[in-house]
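In what follows, a structure is listed as structure tokens, so that the remarks can point back to it.
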Amino acid sequence: MSYTHGDLLGSLCAGAQRLIIAAPYIKTYALARLLAELDPLATLICVTRWNPHDLAVGASDADCRAIVLRRGGSFRLHPSLHAKYYRIDDVVLIGSANLTASALGWSAQPNLEILCRAVDNFDASAFQQELMDGSREITDEEFAYWESISKITAPTNQPIAGGQPVLETWRPSTRDPRNVELAYQGREDDIASLDEQSAAQRDIQALLIPPGLNDEQVRAWASGCLLAAPFANSVMRLHGIDTPTASRILAENYSINITEARRDMETVQNWLAFLAPEATSKLP
Numbered sequence: 100m101s102y103t104h105g106d107l108l109g110s111l112c113a114g115a116q117r118l119i120i121a122a123p124y125i126k127t128y129a130l131a132r133l134l135a136e137l138d139p140l141a142t143l144i145c146v147t148r149w150n151p152h153d154l155a156v157g158a159s160d161a162d163c164r165a166i167v168l169r170r171g172g173s174f175r176l177h178p179s180l181h182a183k184y185y186r187i188d189d190v191v192l193i194g195s196a197n198l199t200a201s202a203l204g205w206s207a208q209p210n211l212e213i214l215c216r217a218v219d220n221f222d223a224s225a226f227q228q229e230l231m232d233g234s235r236e237i238t239d240e241e242f243a244y245w246e247s248i249s250k251i252t253a254p255t256n257q258p259i260a261g262g263q264p265v266l267e268t269w270r271p272s273t274r275d276p277r278n279v280e281l282a283y284q285g286r287e288d289d290i291a292s293l294d295e296q297s298a299a300q301r302d303i304q305a306l307l308i309p310p311g312l313n314d315e316q317v318r319a320w321a322s323g324c325l326l327a328a329p330f331a332n333s334v335m336r337l338h339g340i341d342t343p344t345a346s347r348i349l350a351e352n353y354s355i356n357i358t359e360a361r362r363d364m365e366t367v368q369n370w371l372a373f374l375a376p377e378a379t380s381k382l383p
């Protein structure tokens, strides 16, 4: 049997005092197998990226959070994470391999992946600081939303939405998230204005809500998209900062004018209050 990326990670974890995992896709089998090699007292930080599509199709597993928390670790979400980064004490590995059985060579038909030591011109400390600054731990209340999303299954013979929601640049268009539910149900005439009807349709197109979901599932999907969107995460991180300052920061970070930044921030706050009040009630 050839030596796999998973075997390399496992050998490095044996005796290690600190493990940092950052990968967009993490599966329970691979995570549990790797952590079996780690000292129970070692420091553990796990950073991943969730969106409704990935959880619904099983590309990532919501149960990974419980595995990390049982080990006393920190489980964090980063909405823009694409890197695969593993730090075991002072050894840093980077490459293409997610924390999945197929990526680490622990499956019958593994992927062709790269995982190697970072070279000198990679500033691991700077990357790690940016990773931590841009990620956030999720509360039990927020996790309840993600768990419900992971249980959504497509109707028989209908794929989940046909692809991932386009969240990297998405900011909610309609001021009232209930308009998304009305548009999904084909009840656009119940939306007060033509502008809001068009805005709701833009949100429907961006979120790629699967067909055939009930009202509760539609709301869960929209909640997950909101909690996964980089702009919404920026708004949540600015919680407690006065509106003019927060608007200016958003305008600078997203290259938009202050009026647009304030409008979009208030729209996100409307969505959070309606779709995920429990998830955001404990924001610092």
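For this note's numbering, add 99 to where a residue sits in the sequence shown, where the first one is 1. By construction, the Cβ of each residue, glycine as well, lies at the ideal position given by its N, Cα and C atoms. Computed from a predicted model, the values in this text were never measured in an experiment.
Member of the options whose CA lies at the smallest distance from the CA of residue i
i, options, result
"residue 241", "273, 101 and 378", "378"
"residue 245", "149, 331 and 205", "149"
"residue 302", "274, 166 and 286", "274"
"residue 177", "354, 358, 329 and 191", "329"
"residue 362", "114, 119, 342 and 335", "342"
"residue 101", "268, 237, 205 and 370", "205"
"residue 214", "235, 292 and 190", "190"
"residue 209", "348, 103 and 294", "103"
"residue 269", "290, 289 and 179", "179"
"residue 151", "308, 371 and 198", "308"
"residue 323", "115, 138, 202 and 374", "374"
"residue 221", "192, 238, 236 and 232", "192"
"residue 127", "232, 225, 198 and 345", "198"
"residue 264", "131, 155 and 339", "155"
Distance between residue j and residue i (C-alpha atoms, nearest Å)
i, j, result
"residue 106", "residue 168", "24 Å"
"residue 129", "residue 276", "37 Å"
"residue 187", "residue 314", "44 Å"
"residue 317", "residue 280", "7 Å"
"residue 350", "residue 337", "13 Å"
"residue 142", "residue 278", "45 Å"
"residue 352", "residue 157", "32 Å"
"residue 311", "residue 251", "11 Å"
"residue 293", "residue 272", "13 Å"
"residue 146", "residue 119", "8 Å"
"residue 319", "residue 283", "13 Å"
"residue 227", "residue 194", "15 Å"
"residue 203", "residue 216", "15 Å"
"residue 304", "residue 376", "24 Å"
"residue 173", "residue 289", "44 Å"
"residue 384", "residue 144", "No statement about residue 384 is possible, as the shown extent of the chain runs from 100 to 383 and does not include it."
"residue 368", "residue 287", "23 Å"
"residue 355", "residue 364", "12 Å"
"residue 357", "residue 236", "29 Å"
"residue 232", "residue 370", "24 Å"
"residue 112", "residue 335", "34 Å"
"residue 185", "residue 223", "10 Å"
Residue burial classification, residue i (beta-carbon count within 10 angstroms, cutoff 16)
i, result
"residue 333", "buried"
"residue 248", "buried"
"residue 123", "buried"
"residue 388", "Only positions 100 to 383 of the chain appear in the structure, and residue 388 is not among them; the question remains open."
"residue 306", "buried"
"residue 254", "Because the pLDDT of residue 254 is 45, which lies under 50, any placement of that residue in the model is unreliable, and the question is left without a value."
"residue 211", "exposed"
"residue 366", "buried"
"residue 321", "buried"
"residue 298", "buried"
"residue 225", "exposed"
Test item: CB-CB of residue i and residue j under 8 Å
i, j, result
"residue 171", "residue 136", "no"
"residue 183", "residue 200", "no"
"residue 360", "residue 266", "no"
"residue 121", "residue 230", "yes"
"residue 166", "residue 134", "yes"
"residue 160", "residue 125", "yes"
"residue 175", "residue 234", "yes"
"residue 114", "residue 138", "yes"
Residue(s) in a DSSP beta bridge with residue i
i, result
"residue 147", "176"
"residue 193", "184 and 215"
"residue 236", "175"
"residue 119", "144 and 186"
"residue 125", "198"
Check: residue i C-beta below 7 Å from any heavy atom of the ligand MN
i, result
"residue 218", "Looking for the ligand MN in the displayed structure turns up nothing, as the structure carries no ligands at all."
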